[in-house]
Amino acid sequence: LACAAEVRPLLHFTPEKGWLNDPNGLFYDRKDDIWHIYFQSNPKNPFWEKELHWGHATSKDLTNWTQHESAINPSHRGEGILSGSVVVDRNNTSGFFNDSVHPEHRIVALYTRNPGLIETQEAAYSVDGGYTFTKYEKNPVLDVKSSQFRDPKVMWHEASNQWIMTVVEAQDYQIQIYGSDDLKNWNFHSNFSAGYPGFQFECPGLSEVPIAGTNETKWVLFLAINPGAPWGGSASQYFVGDFDGYEFKAIDSLTRFVDIGKDYYALQTFSNVEKKDGVIGISWASNWQYANKVPASNWRGMLAMARNFTLDYVSVNPQKKLLSLVESPIFEANVSKTSEKKNVKLQKGDSIEFETKSGVFEFELDFQTMKNITYPEQPNLDLYITSSNGKESIRFGFEADVGAFYFDRPTNVFQNPYYSNVVTANIQPTKKYEYNIYGVVDQNVIELFFMNGTTSSTNIFYFSDGKPSKVELKSNYNDLFKIQKFSLRDLSV
Ligand code: FRU
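See below:
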């Protein structure tokens, strides 16, 4: 039996050794057709220490990753190479490249350097496709004499013909927008502040996101806050709006969250993705409240699966539809077994039971509540995911009288006051009181997508023997839940 600390998810990236937090520098190489991720890495120890490196991995399918040597390293003890991004400078606006470097391999990283008391933005370039980098000899490229100024996310803005950087003045609650012609000289354009302030702003990013079923797009401004999530600790929120190359204007004041689980932070989108592939991003699947303490052997930390993002008009209440993100995970896996039940009226005492051999599976649950009246007791539909030794279960379910979903993870294996067991989700049903959930369970992490991906909840969990094995659907009430479809696909990679 594998103990909790040794279990590695298969569809989620984990470092071979040491510590991982934020995804950094995500980009797609159009010449070699390969996805690159970098990440905040402490290669020495499985916990966060100031001397952060940019760890590095590549993949052809966003699922199977090959880890490489760290790509950007601190030059002395006490220096941190913090979060940042990568762009492909195909027209050599920076002057870092000569003609021998293929335009698609003119790769520039912009990241935060923290040598002690101050945080500045620096540049480094790679001429070998992103495997090794040379730091720009005239660094920093941006210094405002601040100790909390970080996480540059850079992109090319076609309409205004310039590079755009979003970066945070973390403890002033400001997302700052800068522009540049050469990635070296940066001009301040504007400040943006909205949403839940939390204690500090981190990891901002702007993306132009297509609106489903139209030829239109809107700009989405992503922002991580920590601590300050309504459910505790770290959270990723976003704003929908317009961007003219200088200022971001939100279309409304609603605070939207990318994910409402405990473990989805520091989202970054890939740069240089081809139009047909849309907007793709990856987050860190943890929470600063307990990230450094979760069960670990010689490595700690995982990334969430890659997600595709579009925008659509989503019901936020029975009267109103608002532009919101629609998210779906991207991964490649083989289905080793499918189990499915359709059109079952689930009565008290009934259960639909499936097995999973690999502990890695996806499931779909479509159901309808057959009454909408007041109920005498908590009328629940419960999905239990139980470990192979039968000692722990996740309980995920729906409480019909209040229309709320809950996710309840066991807290006996990893005991920490911040590692809370329950998170909830208030979901707007269809007019016929239908709900749909799609979930991916990968050994010790679950990503849930509600209502075709208009809400998601990502949570890590720990079982004493590591692996989910039994999945059961039950209700404690008669004639209430009609299971239109419940299916499970066991996966392997
Ligand atoms: C977010 C963050 C960033 C910083 C990095 C340091 O999780 O705090 O603001 O650059 O992690 O590892």
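Residue numbers (my numbering): 1 to 493. C-beta atoms are modelled at their ideal positions from N, C-alpha and C, and glycine is treated no differently. As the structure is a prediction and not an experimental result, all values here were calculated from the model.
Simplified DSSP assignment, three categories, for residue i
i, result
"L488", "strand"
"E122", "strand"
"K391", "coil"
"A170", "helix"
"N452", "helix"
"K50", "coil"
"H12", "coil"
"D151", "strand"
"D252", "coil"
"K262", "coil"
"H105", "helix"
"E216", "coil"
"A71", "strand"
"K275", "helix"
"A57", "strand"
"A5", "helix"
"Y435", "strand"
"D143", "coil"
"G18", "strand"
"N308", "strand"
"I246", "With the sequence shown as reference, residue 246 is identified as Tyr, and Ile is not the correct amino acid for it. Of the three classes helix, strand and coil, the one that applies to Y246 here is coil, per DSSP."
"Y131", "coil"
Residue burial classification, residue i (beta-carbon count within 10 angstroms, cutoff 16)
i, result
"P23", "buried"
"T63", "buried"
"Q378", "exposed"
"A506", "Because residue 506 is not part of the residues shown, which for the chain are 1 to 493, the question remains open."
"E119", "buried"
"I385", "buried"
"K474", "buried"
"D442", "buried"
"Q347", "exposed"
"T93", "buried"
"L1", "Unreliable placement is indicated for L1, whose pLDDT of 49 sits below 50; no coordinate value is reported for it."
"Y477", "buried"
"R77", "exposed"
"M370", "exposed"
"Q319", "exposed"
Assumed close pair residue i, residue j - CB separation to whole angstroms, cut-off 8 Å
i, j, result
"L365", "I437", "5 Å"
"L183", "L254", "Not quite, the Cβ-Cβ distance comes to about 34 Å (not below 8 Å), so this is no contact."
"P9", "M302", "6 Å"
"I260", "S457", "5 Å"
"F199", "N226", "7 Å"
"I352", "E434", "The Cβ separation is near 18 Å, so there is no contact."
"L480", "F361", "That pair is no contact at about 26 Å."
"A212", "T132", "The Cβ separation is near 40 Å, so there is no contact."
"S420", "K262", "7 Å"
"G232", "K153", "That pair is no contact at about 25 Å."
"L488", "F354", "4 Å"
"F486", "K341", "5 Å"
Heavy atom of the ligand FRU within 6 Å of residue i beta-carbon
i, result
"Q171", "no"
"N272", "no"
"R150", "yes"
"L223", "no"
"S83", "yes"
"D242", "no"
"A266", "yes"
"N317", "no"
"D263", "no"
"Q496", "Outside the shown range of the chain (1 to 493) lies residue 496, about which nothing can therefore be said."
"L322", "no"
"D22", "yes"
"L52", "yes"
"E122", "no"
"E447", "no"
"E202", "yes"
Residue j beta carbon less than 7 Å from that of residue i
i, j, result
"N178", "P197", "The question names Asn, yet the displayed sequence has Tyr at residue 178. Not a contact, by the Cβ cut-off of 7 Å."
"W19", "F39", "no"
"E392", "P417", "no"
"I72", "A123", "no"
"P208", "A224", "Residue identity differs from the one stated: residue 208 is Glu in this sequence, not Pro. No."
"P84", "L52", "Note that residue 84 is Gly in the sequence shown, not Pro. In this structure, L52 does not lie closer than 7 Å to G84 by Cβ."
"A304", "A5", "no"
"S358", "S469", "no"
"T58", "I34", "yes"
"F97", "S271", "no"
"P103", "R113", "no"
"H36", "G130", "yes"
"W284", "A306", "no"
"S180", "W163", "yes"
Chain B within 7 Å of residue i, Cβ atoms only
i, result
"G390", "This model lacks chain B altogether, as it is built from one protein chain only."
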